[in-house]
Each structure stands twice: as C-alpha cells, then as structure tokens.
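Read top to bottom, the protein sequences are chains R and B.
Quick note: the first sequence, position 87, residue 279 per our numbering, numbers continuous.
Quick note: the second sequence, position 41, residue 63 per our numbering, numbers continuous.
Where is the CB? At the ideal position from N, CA and C, for every residue including glycine.
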Amino acid sequence: MARYAMVIDTTKCVGCMDCVVACKTENNVPEGFNRDWIAYETIGKFPILHMEIRSERCNHCDNPPCVYTCPTGASHISEIGGIVLVDYDKCIGCKACIAACPYDARFIHPDGYATKCTFCEHRVVEGLDPACVATCPTHCMYFGDLEDPNSEVSKLLQSRKYHVLQPETGTKPQIFYLI
Amino acid sequence: MNELVITRHNEMIDPHLSIWGWEIPVYLFLGGLVAGMMIISGYFILTGRTKNTLCSCFRIPVIGIVAISLGMFALFLDLEHKLYVWNLYINFKWQSPMSWGAWILIFIYPILILGILIRIPDEIGQRFPKLLDLSNKLRNKQQFVKLLGALSMIFGGLLGAYTAVLLSAFSARPAWNSPMLWTLFLASGLSSAAALVHLIGKDPAERHMLAKADNGFLIAELIIIILMIIGFVSSSKVHIDAARLILSGPFTAVFWVFVVFIGIIIPFIIQILSVNNKIPHTNVAPILVMIGGLILRFIVVYAGQYSHWSRNVFTGY
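Here it is as structure tokens:
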C-alpha cells in the first residue's frame, strides 16, 4: 500500500505564501482560516543567526492522536496512502481532535465540523500533486509515495538531511523538511 | 535566541487554543460532583444506612440526575456540529476517552433511576400507588439493594476518573498530561459531593460524618496538587512550562487564592473546628469547597489550552 508523504526543501522556500493561496483556492478554505501556513524560525546568537522558512500543515502522522481521540471515527486514516482525513458527516464538533494535535493543524469550519489539510486527496486520486506542491514557484515541495524506493521523495530522504516537527511527541509525522 | 513566527491565525487555535469555554469546566464539575455523590450513596447503601429514612442516599439520585443532565446539556452546547451528536452512540472507539465517557454516562442514568426507585419521595408515592408498591418490593430485596450500592460506587468511580482521563489523554497539552490528574479530579469530586450532601443532609450524625470525610478528601486533594506540581517541575521542559502557569503565570493568583486557600484550606479549618465541636456546623465550608471545585475545573481546562509543546524544532544547524 502506498504511503504518501511530503518533502519540503527549506533551503529553497522563500515564504512567498503561494502554497497558502493555492490551498485556499483549491479547497475553498473559509475566510480567516488556513489549512497551511508559513513558519519563520530563527535560532542562534547574534551575529551568528540561522533562519529556516518552511510551509507547514497537517503532518498526516503515522501515529495520529487526532484519530485515536475521535469518539465517532470521523477522523480516520484513509486507505489512500495513509492520508489522515475527516468524515464531516460523522464529526460532532467536539474538538477533541484539535486538542490532541500537537501541531494545531486543525480548526472548526464555520459549518461546525473539524477540518484540515487533506493532501488534496481529490487531486491525488487523479494522479495530480496537491495544489500547494503544484503551485510552488521555487519547486521546494515534493509529494510522493515513501513505499516506492524510486519515488522522488524517497530519494530525497535517502540523500539529504532532514527533520520533522516535534518528533518527541511520537506522532511519526509524514512531512519532512530538508535542511 | 530561538524565535518562531507563523502566518496562521485560525480562530480558536491562535495565539493559543481556546476551543473549550465555560461549558466543559461546568460539565466536568457536575460530572465529578455526581460521581462523588454516587460513591457516597453507594457507600451508604452498602453499609446498611438505608434503614434510616433520613439517609441522604435516597435524595442523592434525584439531585444526581438533575446535575448530570445539566452537565450533559452543557456538553451538548459545546458541540459545534450538534445535529450529528447521535454519531456518539452508534460508535464505540476504545482508544477515545470521550467515547468511553459517552457510554459511561448512559449507564449512569439507570443506576440513578433505580436509586430513586428504592425509596421514592412520599408525594410521588401517594400519587402513583403502583410505583410505591414497586419501590417497597425493590427496597426489600437486600441482594438487589447491595448490588445497586456496589454498581453506584463502581460507576461513580469510573465517571469521576473519566472526567480527568478525558483531559490527561491529550499528550499534546502538557498541563493536562499528568497521570495524577484523575486522582485530583476524583478527590475534588468526592470533596464537592461530600460538601453538597452535607448541605442537604437531614441527619446530624450523617452531616458530622460527611464533614469529617470531607476533611480527608480536602487533605488528599492538597497532597495530590503538591505531588502533581513536583511531577511537572521534575519533568521535561514543556511540563515545567506547564507548571509555571500556576506557579508564576496567568493562573497563579486565581489558583492559589480560590482553589487552594478559599476552596481547601479555609473550609478545612472551619470543618476541623466544627467536627471537634468548637463551632456549630455551618454551610459556609461546604459552599466554599464546591466553589473551589468548580474553579479548579475552570483553571485546569483553561491552563491546558494555554500549554503546548515547544514548536521550536529547527536544530539542523
């Protein structure tokens, strides 16, 4: 079975927010909300400072606490490449999944259900990349199947250094940031 | 320096979580209160106090049903997708504390209703003679009454523990993520319940006993709070940060003044004096205990939403 993942090259990301706009347009994300966003992180001691710019979203974790905590099964792991999705007709809006997510990647849609990044599942089933990946002007985002050793994402993770967000939470995130 | 700036500003998520307002603390308080009352009622039944017609165990289930219904209504108000609430009861997800809670609440009702039936109020009995007959028959079945007492204690314990496990299972919120939180909520639920039963109790001996028991619960609560803080400050950075919320943060004053001082220490002193016959029993102490229990739930729910894992992860350089 496929295991979809996203790889983002932080050395190429310029924080232009095209991915954010693409997501909002593609998924009709309500005004005032974001399924993806840009993080600017600076570390070091002046004058030796390093900055990382990265595009963040739901990490589609292999060990997703949002799915485990959902009392109705609305949050689930899709058979399509392990993508974490929400069945809106099952969601009661209890917000337990939001509390469970260490990445704060979810929010309540104005219609009352929990929602978040879907990896543009509707595009992926048609063999297309998620809208953010397809739009990125610096080509810093890659999407593919980790189970396929010849996929671009697999090769990048074999050849480059990377990190994931908050690995200490044990969620096994499936978005990898190249450094 | 380690600075993180993000462009996201989702409602209820940023700058810190604010998904749960007054409804959840009220629900957790009422749930804990009913849990404590069921444990006390079960204890009274199992120790044969049903022979005493003044026993509070006959009134507890009536108050319990009202309180848990109000709590569940508050919980319902909190739901954002209310018309889909029935999904809770066509699924059981063993990994989800909320799913466990939904089903435990369903089992609470028949236990409380049977608790009412073993001695229905006189006014109702006069109006419905058949119900009175049923009540008399049930009360005379000793095995049944004992079983009801045991079930009341078991499900009271489960309900009291669940109200905290619901929160402590969220490892993403360090201030909730303590294995001791359920003991704190159970002790707090018991102390609030003992206080309420003390308030409504008609038997002076029972009230005296409940004041003594309440002192035990309050001391247990204080010890658990201290142990929890020790647990947090000797843990990881995110847990130390979580402890700071009540040690030197936005919840410090309200926690120590309203929960510890007004909700535990003052009523403890008043009740120590009253059980030793230095002063007469007063309603002040039980009321303070319940106020403290309610504010504790508010602080825990709000502080948990403030606390988070460090998002600074950029360590590749």
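**Prompt:** Does residue 319/B come within less than 7 Å of chain R when only Cβ atoms are used?
**Reply:** no
**Request:** Can you pull the chain R residues whose beta carbon is under 7 Å from the beta carbon of residue 41/B, in chain order?
**Result:** 287, 290, 291
**Prompt:** Out of 212/B, 272/B, 263/B, which has the shortest C-alpha to C-alpha gap to residue 239/B?
**Reply:** 212/B
**Request:** Verify the CB distance criterion: does residue 118/B have a CB-CB separation below 7 Å to chain R?
**Result:** yes
**Item:** For residue 248/R: DSSP bridge partner residues
**Value:** 229/R
**Message:** Does the region 176-186 of chain B come into contact with the region 198-210 of chain B, if we say contact requires no fewer than three beta-carbon pairs (one atom in each stretch) closer than 8 Å?
**Reply:** yes
**Request:** Starting from residue 230/B, follow the beta strand (DSSP E) in both directions and report where the run begins and ends.
**Result:** Residue 230/B -> not in any beta strand (DSSP E); alpha helix (DSSP H) instead, spanning 226-255.
**Asked** Cα-Cα, which of 193/B, 286/B, 309/B, 254/B is closest to residue 258/R?
**Response** 193/B
**Prompt:** So what's residue 314/R in DSSP terms, helix, strand or just coil?
**Reply:** helix
**Asked** Under 7 Å between C-beta atoms, does residue 25/B make it to chain R?
**Response** yes
**Message:** Once DSSP output is grouped into helix, strand and coil, what is the label at residue 60/B?
**Reply:** helix
**Prompt:** Contact check, residue 107/B vs residue 99/B under 8 Å by CB: the rounded distance?
**Reply:** Contact flag wrong, Cβ pair sits at about 11 Å.
**Message:** My output table needs one value for residue 311/B: the three-state DSSP class, helix, strand or coil.
**Reply:** helix
**Request:** Could you check which residue in 115/B, 274/B, 199/B, 51/B has the C-alpha nearest to that of residue 257/B?
**Result:** 199/B
**Request:** Assign residue 109/B to buried or exposed, taking buried as 16 or more other Cβ atoms, counted over all protein chains shown, within 10 Å of its Cβ.
**Result:** buried
**Asked** For chain A, is any of its Cβ atoms less than 7 Å away from the one on residue 269/R?
**Response** Going by chain labels, chain A is absent from the structure shown, which instead holds the protein chains R and B.
**Between the CA atoms of residue 332/B and residue 243/R - distance to the nearest angstrom** = 17 Å
**Request:** Report yes or no: is there a C-beta of chain R within less than 7 Å of the C-beta of residue 48/B?
**Result:** no
**Asked** So does the region 230-248 of chain R actually touch the region 200-217 of chain R, counting three or more Cβ pairs closer than 8 Å?
**Response** yes
**Item:** Residue environment, residue 308/R, which counts as buried when at least 16 other CB atoms sit within 10 Å
**Value:** buried
**Prompt:** Just checking, does the region 311-327 of chain B make contact with the region 50-62 of chain B on the three C-beta pairs under 8 Å criterion?
**Reply:** yes
**Limits of the alpha helix (DSSP H) - the one that residue 200/B falls within** = Element bounds for residue 200/B: n/a, residue is neither H nor E.
**Item:** For residue 178/B and residue 58/B, believed in contact at Cβ under 8 Å, the rounded distance
**Value:** 7 Å
**Message:** Comparing C-alpha positions only, which one of 329/B, 230/B, 283/B sits nearest to residue 272/B?
**Reply:** 329/B
**Prompt:** If you compare alpha carbons, which of 194/R, 201/R, 268/R is closest to residue 353/R?
**Reply:** 201/R
**Message:** So, does the region 288-302 of chain R touch the region 248-255 of chain R, judging by three or more C-beta pairs under 8 Å?
**Reply:** yes
**Prompt:** For residue 139/B, which residues of its own chain have a beta-carbon under 6 Å away from its beta-carbon, when the five flanking residues on both sides are left out?
**Reply:** 157, 160
**Complete beta strand (DSSP E) runs within the region 254-305 of chain R (minimum length 3 residues, chain order)** = 267-269, 276-278
**Request:** Using only the heavy atoms of the ligand MN, determine whether one of them is closer than 6 Å to the beta carbon of residue 338/R.
**Result:** Here there are no bound small molecules, and the ligand MN is not part of this structure.
**Item:** Three-state class that DSSP yields for residue 182/B in the structure shown
**Value:** helix
**Asked** From the beta carbon of residue 127/B, is the nearest beta carbon of chain R less than 7 Å away?
**Response** no
**Request:** Measure how close the beta-carbons of residue 173/B and residue 189/B come, nearest whole angstrom, since I'm counting them as under 8 Å.
**Result:** The pair is not a contact, with the Cβ atoms about 26 Å apart (cut-off 8 Å).
**Cβ-based burial, residue 243/B [other Cβ within 10 Å; buried from 16]** = buried
**Message:** Please confirm whether residue 184/R has its beta-carbon closer than 7 Å to some beta-carbon of chain B.
**Reply:** Coverage of chain R is limited to positions 193 through 371, which leaves residue 184/R absent and any answer about it impossible.
**Item:** is_contact[residue 115/B, chain R] using C-beta, thresh 7 Å
**Value:** yes
**Request:** Please classify residue 191/B: does DSSP put it in a helix, a strand, or coil?
**Result:** coil
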